[in-house]
Structures are given as C-alpha cells and as structure tokens.
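S.K.: Protein chains in written order, with this note's numbering: chain C, 1 to 114; chain H, 1001 to 1113.
Glycine is no exception: its CB is placed at the ideal position from the N, C-alpha and C atoms.
Mind having a look at this structure? Questions to follow.
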Amino acid sequence: AQSVTQPDIHITVSEGASLELRCNYSYGATPYLFWYVQSPGQGLQLLLKYFSGDTLVQGIKGFEAEFKRSQSSFNLRKPSVHWSDAAEYFCAVGAWNAGNMLTFGGGTRLMVKP
Amino acid sequence: DAMVIQNPRYQVTQFGKPVTLSCSQTLNHNVMYWYQQKSSQAPKLLFHYYDKDFNNEADTPDNFQSRRPNTSFCFLDIRSPGLGDAAMYLCATSREGGARGYTFGSGTRLTVV
C-alpha cells in the first residue's frame, strides 16, 4: 500500500522569504502526486498535480513542485511567501492499485510572520 | 462553474439528534466521497460511492450512514451524534476513481451541543 509522509507538522516563515514543504511517498510504481491547500474553515483546494512528463510542475498561486523519483519526494516550493499563504498544506498520492483512493499525508501548517 | 457544493456550511445539532449533511456536484463525476476532518488532522475517509456501489471503510462507525439517490447528490446521515463527532465533514468527487485527484467541497462544520 502507498503512504505519504510530511515530516514537518508546523513551519513558520517570514513574509517574502522562500518556502519549501517536504513530502515523501512510498509506492512501488510511479504514483500520481498532488498538493492541496486548506485555509481555515474551508475545503481542500488543488494547488498542483504530477502525473507524468516534466518533473517540475507549476501550480496556482505561484507554487511549484518537483518530483524526484530517486528520493521518492514531491516537495512544494514558493520563491516568495505572502501572508495569505498561511494555511494547512496536504500532500497526497494516488495509485490505481489501491481502489483508486487518494492517500493523504498528515499535513503541514504554514504560518507567515510579517 | 462546475463544482461541489456542501450544505449547510455550519450545522449545530444536539447530542443524539439525527442530522443530515448534503453534497451536490455539477461535475458529473461518478465517484463521491465523504471525509471527516478533526482539528489539525488530515481528512479521514468514511466511505465512498462508485456509481451506485457503496464502499464503507472498515473503521467507520455504524452511526454514520450515506445515501446517493442520483449522480449529483450524496448525503451523510449521523444517526446519533456524539460530542466526538464534532468535526469538519468534506465531500469530494472524482471521475473513474481518485487516482487522478479529487475535487472538494467547502465542507460542513458540525458542532454537537
């Protein structure tokens, strides 16, 4: 079965600083990979996804993520964080052999200092 | 815009009083999911419908039921809510299974008093 680990439960960065949120997955084949963002009291919004092809994917709100097969990672990055980016971020992996379910990581809460 | 809509956004119910949460979608996706999310935790899958086929997670309490009368609507019924059922409930949809991602609704925040 696939699994997803987000090693950082909380991250605090200053506004304007760069951001990297870590995501590691375990799966026997190339998975489908996702990053979702959740603002307080809201549902999950898709930031970006990777299915195949170029390993650097661009998403909404200036986010990007890079799939590194050798490291089983799919880290989310943003060059300059805005206060409105403060939210919970979830990495997820999809696999056809798991009843087509998405498996979520535990989430990383991002706080932005002024 | 095609979307997933959950009603109500906030629901307050009394301990032990049945409550129903609703979800509708205009995406024509054949799979619909219900997740429970407690504070500062990842969403936890309760069950899903693949077309009309109901799939219950093994650890979903019997207190939780679901109905899908047609492709567009899905309901979550909590027969006797307890204080521990207070949570955000998220509905999601996907086409032909979730491996390619889900579309989520905005959620319903359930409070049990």
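I'd like to confirm the pairing. Which residues does DSSP put opposite C/F90 in its beta bridges?
M.R.: What you label residue 90 of chain C is simply residue 90 of the first sequence in a count that begins at 1. Answer is C/Y36.
S.K.: Check the Cβ of C/G43 against every Cβ in chain B and list those closer than 7 Å, keeping chain order.
M.R.: Protein chains C and H are contained in the structure displayed, whereas chain B is not.
S.K.: Do C/E88 and H/S1040 have their CB atoms nearer than 9 Å?
M.R.: Against the first sequence, residue 88 of chain C aligns to sequence position 88. Against the second sequence, residue 1040 of chain H aligns to sequence position 40. Yes; because the gap between Cβ atoms is below 9 Å, this pair is in contact.
S.K.: Please return the same chain residues whose Cβ sits closer than 6 Å to the Cβ of H/N1056, not counting the five positions on each side in sequence.
M.R.: Residue 1056 of chain H sits at position 56 when you count from the first residue of the second sequence. Same-chain partners within the cutoff: F1047.
S.K.: Are the CB atoms of C/D8 and C/T103 within a distance shorter than 9 Å?
M.R.: For this step, residue 103 of chain C is matched to residue 103 along the first sequence. For this step, residue 8 of chain C is matched to residue 8 along the first sequence. Going by C-beta atoms, C/T103 is not nearer than 9 Å to C/D8.
S.K.: Is any beta-carbon of chain H found at less than 9 Å from that of C/L102?
M.R.: Walking along the first sequence from the start, residue 102 of chain C turns up at place 102. Chain H, which has a Cβ nearer than 9 Å to the Cβ of C/L102, makes this yes.
S.K.: Assess contact between the segment 1079-1089 of chain H and the segment 1017-1025 of chain H, defined as three or more Cβ pairs (one per stretch) separated by less than 8 Å. Is contact present?
M.R.: Result yes; three or more Cβ-Cβ pairs closer than 8 Å.
S.K.: Quick check: is the beta carbon of C/R109 nearer than 9 Å to any beta carbon in chain H?
M.R.: Taking the first residue of the first sequence as position 1, residue 109 of chain C is located at position 109. Yes, its Cβ sits closer than 9 Å to a Cβ of chain H.
S.K.: Any C-beta of chain H within less than 9 Å: which residues of the segment 38-72 of chain C qualify?
M.R.: Taking 9 Å as the Cβ-Cβ cut-off against chain H, the residues of the segment 38-72 of chain C that qualify are Q38, G41, Q42, G43, L44, Q45, L46, K49 and F51.
S.K.: Grouping DSSP H, G and I as helix and E and B as strand, with all else coil, what is C/R77?
M.R.: Translated into positions along the first sequence, residue 77 of chain C becomes position 77. Three-state result, C/R77: strand.
S.K.: Tell me whether C/W35 is buried or exposed, calling it buried when 16 or more other Cβ atoms sit within 10 Å of its Cβ.
M.R.: Mapped onto the first sequence, residue 35 of chain C falls at position 35. Buried, by the Cβ-count rule.
S.K.: Are three or more beta carbon pairs between the segment 29-46 of chain C and the segment 73-93 of chain C nearer than 8 Å?
M.R.: Because the criterion of three Cβ pairs below 8 Å is met, the segment 29-46 of chain C and the segment 73-93 of chain C touch.
S.K.: Within 10 angstroms of the Cβ of H/P1061, are there 16 or more other Cβ atoms? Answer buried if so, exposed if not.
M.R.: By 1-based counting over the second sequence, the position of residue 1061 of chain H is 61. H/P1061 is exposed by the Cβ-count criterion.
S.K.: From what residue to what residue does the beta strand (DSSP E) around C/C23 run?
M.R.: Residue numbering aside, residue 23 of chain C sits at position 23 when the first sequence is read from its first letter. First-last for C/C23: undefined, no H or E at that position.
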